[in-house]
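Numbering (the numbering used here), first residue to last: 134 to 247. Take a look at the structure below.
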Amino acid sequence: VEEIVGEIEDEHDTQDVDLIRKEGPLSYVADARLELEEFEEFTGVNLTDEMKDEVDTLGGLVFSLTGRIPVRGEIIPAVEAGFEIVVEDADARRIKRVRINRIGASTTGAGKEE
C-alpha cells in the first residue's frame with residue numbers, strides 16, 4: 134500500500150521523535166505516550182510493581198495514580214519511586230506531556246547523559 138500512496142505513519146513510527154529529554158540534573162520532559170520501560174531506562178527511576186501493574190505508558194501511570202485525567206499544572210507525587218509528575222499539557226480526554234522531577238535523589242548517575 135505504501136508504494137501506491139506513500140509512507141504511512143502509525144503508532145509504531147516514533148523512532149524519529151524524542152519522547153523524553155533531560156531538562157536538568159533531576160528533571161525530564163516526556164510525551165505521555167512514553168512506555169514505562171523506556172522511562173525507567175532513560176531516567177534510572179525504578180517504578181514499583183504496583184505502579185507498572187496495569188499500565189504501559191507515562192500517561193497511563195498518571196491516570197492510574199489520580200484515577201482521572203488531571204488538569205494542566207497539576208502535580209502528582211510518586212514519592213515511593215522518588216519523583217513527582219507535573220502535567221504540562223492535557224485536554225479533557227488525555228494527558229499529552231509531563232515533566233518528571235526526581236526528589237530525594239543525588240545527581241550522580243541519575244539518568245542518561247546527552
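Using N, Cα and C, we set each Cβ at its ideal position, and we do this for glycine too. Just so it is clear, the structure is predicted and the values come from calculations on it, not from any experiment.
- Around the beta carbon of ARG201, fewer than 16 other beta carbons lie within 10 angstroms, which makes this residue exposed.
- The continuous alpha helix (DSSP H) containing VAL195 extends over residues 191 to 199.
- Going by beta carbons, ILE208 and GLU217 fall inside the 7 Å limit.
- If you draw a straight line from the Cα of LEU167 to the Cα of ILE233, it is about 12 Å long.
- ASP164: member of the beta strand (DSSP E) spanning 160 to 164, first to last residue.
- Burial is judged here by how many other beta carbons sit within 10 angstroms of a residue's own beta carbon; ASP164 has at least 16 and is buried.
- DSSP places ILE208 within a strand segment (E or B) once states are collapsed to three.
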